[in-house]
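Undergrad: Chains as they are written, first to last, in this note's numbering: chain A, 2 to 477; chain B, 2 to 485. Where is the CB? At the ideal position from N, CA and C, for every residue including glycine. Source: prediction; values computed, not measured. My questions all concern the structure below.
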């Protein structure tokens, strides 16, 4: 049987505005507990919320970047539930009318570009935080209370962990491009819940949707989806469908754990937020905000394809992060070879960043250093393999390629006179290989090239060695 | 001369002319409170020493000939759901019986800045939920006119304090009639200005879309004096309006003294009031008499229809309860207010704290509101009520397109006896039908005394279009001049 996985995401993003959404308290992460609070974000009786215009601006930026329709009227509602980190007994959010309707993001699959549609984006306030002390007390920190959030709800249009991951990458990249959030999952400025079920492609039978919470990294999202896919398939195959559930990802156990059955669960008793009259958003203001947006990933991708002749896939990867795309363009200022630069970034540079789990701007590699390195390769001063070693060295030490090449004596030997002695010696020591080669075993040539490279400590120009070996064996 | 029996504007004139000192005024009122309030119970907390200190400063200012604020040392009472830094703000509830706000409400700041003197915080129905001031955790307030009857509510303490000459002026709040009905019961003037006229910052909300700050005085001029000192846009309250930055209303008194404002005034009387909520016969007679006064003075009276008034009580009841249930959610025993001593879990902490500290009326309305917001009822009751509310507003728009004011009784009944057999909630909400529509539509409205029945006062309600507060003030003054 074949199963199709259906995934929808709900993503909370903290906006990096200067102040909180309803008061003048600073919007900062990591301050001492309860130092960034006032009567309004503590929900003290008689305090009133004043909707921060900057929050609207940031939210609208995001709405435009995600191709959504911005509403001309912002209305706020109250969503009720009791929890100790929720000082008013309700969260100010948007119920019926979100500020942004629809929208989409495109992700790059190997074979195609896939459009993931959004249901809506709405504005809301963040809650405080519970801290559990060693004495088993629950302490409350309200610094986060009233930090502005947008909640992005996708349609259930992703079909694998990989697609979800690509979507999140693109989402994070876009938010970074437009500078409305720090999008750091570890600081909670980006949080993601997954809605998932599977459908039997033959019978059309579906498992019941589960919502997965407590996902603290993209890796956890991927692992939780993979775990759930299997769990849902097992449930379907055993014909044991459950109720709608909310589950929690347990990182240590590597599995999801039931939190609560959803049926008959919380009713949020939405009511109009009477302390905040609806705000009109003019088309002019929306247009004005549009003009302040930087080039978005999608537009940059098209430009990279057109101006640098990159493939859709390569352009997609290079524009995924604003920093990476800027690194690419900066490198091109020193070496006018977009294909070479793209190949190296897509290959060894990204591999190294992934291994180290860092972003390009955190690495010791500068655009100038990469360009200098590639110039050495292009001009045959060093060979490709040496280039890779030098790149590693730059990542480790931050030294310039020239310095590394000079200090380690890595300059390629392209002088026949200099190489002749080594080649001769290798041939003398490997008589059998010469016989093998002459008997038609091509592999023997590769072996001999390897021996020369080894004897030259990797510095020999491999093409030249190849040519010389053929000539010198002919002579014997 | 008993200073305390003077009207506020008379007191103000005498203070400015140095005929009496501000300190004498404050001393006289404190004495009055000491003599009478043990029985009337208009105050929850008092501010005697500070008030006296302040009065000396004001006398000093006057002596030096410095400029003096609009309220020039007048003694003022403030309803106890209005936040003040120096006195506790209890909302008449056990929930907040020790609560001291870290900030002043904008209206408190304005009184201070206008040289008013805050005498104390006045009694009220718990969280303003009630119409008799009997639901207060601090005991009921008695009506100074007849101590066997209630002063009305929920701003009963503020109304009684003015009626008993314990303060010259006072502040109340009005969500469905909580200023106008007690004004009517205590025989004084109460004004609930248009929605957005006075900042609600620091006013502990009952129902945000209906809540207003209102004022009490012994006549229209008194009420207007304090209204002028409070009105104005406040950037701390998004629901306050820049329309409120209009010219002072007291200008009306300086314009052409003795002018007959009723002449030519277009008056509407909704037939729905007569048909749907017939008043007590003797009370109705007082109203008819007052209408005659308008007519004689040249007003044009017309019976009109406001079709959606017939749903107003239900619409008010639903929306008010929904917003009340929401606003009461923050009283959970966590960060402030009463916390139960015994609990095992977080849920128990909530349940026990709220069970112990909320009174019966608060619980009733929290339950009603929670019901009307939950599941399918949200659309069937709450959202539908909001739609009818819009239709009611449109009805009023039509009436005000061709009329200046709408007249009705302030309450269809006389002040009732303390501890009288309790009406069910819905019956008592029906009584709000004369006043609650003004809250639903954000209109300005005033209650003005028009007579007595069996020694108990009767009030008339004058309602005007939103931000036509000047019109109802003119109507009120016009009436006062006509009957003088």
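1) In whole angstroms, what separates the C-alpha of residue 418(B) from that of residue 438(B)?
2) For the region 259–283 of chain A, which residues have a beta carbon sitting closer than 8 Å to at least one beta carbon of chain B?
3) Beta-carbon of residue 47(A) versus every beta-carbon of chain B: anything under 9 Å?
4) Alpha carbon to alpha carbon, how far is residue 402(B) from residue 269(A)?
5) With a threshold of 9 Å between beta carbons, is residue 50(A) in contact with chain B?
6) Pairing CB atoms from the region 4–19 of chain B with CB atoms from the region 69–87 of chain B, are three or more of them under 8 Å?
7) What whole-angstrom Cβ distance do residue 108(A) and residue 164(A) have, given they're in contact under 8 Å?
8) From 289(B), 293(B), 261(B) and 211(B), pick the residue whose C-alpha is nearest to that of residue 175(B); which is it?
9) Out of 271(B), 83(B), 447(B) and 251(B), which one is the CA nearest neighbour of residue 191(B)?
10) Residues of chain A with a CB under 7 Å from the CB of residue 323(B): which are they?
11) Checking 9 Å against the spacing of the C-beta atoms, do residue 322(B) and residue 366(B) come in under that value?
12) Which residues in the same chain have their Cβ closer than 6 Å to the Cβ of residue 242(B), if we skip the five residues on either side of it in sequence?
13) Assign residue 173(A) to one of two classes, buried (16 or more other C-beta atoms within 10 Å of its C-beta) or exposed (fewer than that).
14) Would residue 37(B) and residue 145(B) qualify as a contact pair, given that the criterion is a beta-carbon distance under 9 Å?
15) Give the list of continuous alpha helix (DSSP H) stretches no shorter than 4 residues that lie fully inside the region 37–94 of chain B.
16) Go to residue 267(B), then tell me how far its beta strand (DSSP E) extends in each direction, as first and last residue.
17) Can you tell me which of the three DSSP states residue 332(B) falls into?
18) Compare the C-beta of residue 89(A) against all C-beta atoms of chain B and say whether one is closer than 9 Å.
19) Could you give the distance in angstroms between the alpha-carbon of residue 199(A) and the alpha-carbon of residue 314(B)?
20) What does residue 79(A) reach in chain B if we use C-beta pairs closer than 7 Å?
21) Residues of chain A with a CB under 8 Å from the CB of residue 103(B): which are they?
22) Provide the residue span of the beta strand (DSSP E) that contains residue 4(A), from first to last.
23) Count the other CB atoms within 10 Å of the CB of residue 379(A); is the residue buried (16 or more) or exposed (fewer)?
24) Based on DSSP bridge pairs, tell me the residues matched to residue 211(A).
25) Say whether the region 346–355 of chain A touches the region 390–407 of chain A, bearing in mind that this needs 3 or more beta-carbon pairs closer than 8 Å, one atom from each stretch.
26) Got a sec: is the Cβ-Cβ distance from residue 203(B) to anything in chain A below 9 Å?
27) Taking DSSP as the reference, what is the three-state secondary structure of residue 339(B)?
28) Taking all protein chains shown into account, decide if residue 462(B) is buried (16 or more other Cβ within 10 angstroms of its Cβ) or exposed.
29) Scan the region 448–471 of chain B for residues whose Cβ lies nearer than 7 Å to a Cβ of chain A and list them as they occur along the chain.
30) To which residues does DSSP link residue 235(B) through a beta bridge?
31) When the cut-off is 9 Å and only beta carbons count, does residue 1(A) lie next to chain B?
32) What does DSSP give as the partner residues of residue 71(A) in its beta bridges?
33) Cβ closer than 7 Å: which chain B residues qualify as neighbours of residue 85(A)?
34) Could you check which residue in 110(A), 214(A), 126(A) and 225(A) has the C-alpha nearest to that of residue 171(A)?
35) Which residue or residues does DSSP assign as beta-bridge partners of residue 352(A)?
36) On the CB-based measure, 16 or more other CB atoms within 10 Å of its CB, does residue 2(A) come out buried or exposed?
TA: On the basis of the coordinates in this document:
1) One alpha carbon belongs to residue 418(B), the other to residue 438(B), and they sit about 26 Å apart.
2) Of all residues in the region 259–283 of chain A, 268, 270, 271, 272, 273, 274, 275, 276, 277 and 278 have a Cβ within less than 8 Å of some Cβ in chain B.
3) Judged by the 9 Å Cβ criterion, residue 47(A) is in contact with chain B.
4) Looking at the two C-alpha atoms, the distance is approximately 40 Å.
5) Chain B contact via Cβ: present.
6) With the cut-off at 8 Å, the region 4–19 of chain B and the region 69–87 of chain B touch.
7) About 6 Å separates the two Cβ atoms, so the contact holds.
8) The residue with the shortest Cα to Cα distance from residue 175(B) is 211(B).
9) Selection 271(B), 83(B), 447(B) and 251(B) evaluated against residue 191(B) yields 447(B) as nearest (Cα-Cα).
10) Annotation: Cβ neighbours of residue 323(B) in chain A (cutoff 7 Å, chain order): 272.
11) Contact flag set, yes.
12) Once the five neighbours on either side are set aside, the close Cβ partners of residue 242(B) are 197.
13) Under a 10 Å Cβ-count criterion, residue 173(A) is classified as buried, with 16 or more other Cβ atoms of the shown protein chains found around its own Cβ.
14) Against a cut-off of 9 Å, the Cβ pair of residue 145(B) and residue 37(B) comes out as a contact.
15) You should have 49–64.
16) Unbroken beta strand (DSSP E) run through residue 267(B): 267–271.
17) Coil at residue 332(B), not helix or strand.
18) It does; some Cβ of chain B falls within 9 Å.
19) C-alpha separation (whole angstroms): 51 Å.
20) Within 7 Å Cβ-Cβ: 327.
21) Chain A residues near residue 103(B): 40 and 45.
22) Where residue 4(A) is concerned, the enclosing beta strand (DSSP E) stretches over 4–15.
23) Answer is exposed; the Cβ neighbour count stays below 16.
24) Answer is 197(A) and 246(A).
25) The region 346–355 of chain A is in contact with the region 390–407 of chain A.
26) Output row for residue 203(B): interface = yes.
27) It is coil, neither helix nor strand.
28) Note on residue 462(B): 16 or more other CB atoms within 10 angstroms of its CB, so buried under the neighbour-count rule.
29) Cβ contacts with chain A come from no residue of the region 448–471 of chain B.
30) None; residue 235(B) has no bridge partner.
31) Coverage of chain A is limited to positions 2 through 477, which leaves residue 1(A) absent and any answer about it impossible.
32) Answer by DSSP bridge pairing, in chain order: 101(A).
33) Simply 335 and 347.
34) Looking at 110(A), 214(A), 126(A) and 225(A), the one whose alpha-carbon comes closest to that of residue 171(A) is 110(A).
35) None, per the DSSP bridge assignment.
36) With fewer than 16 other CB atoms across the displayed protein chains lying within 10 angstroms of its CB, residue 2(A) is exposed.
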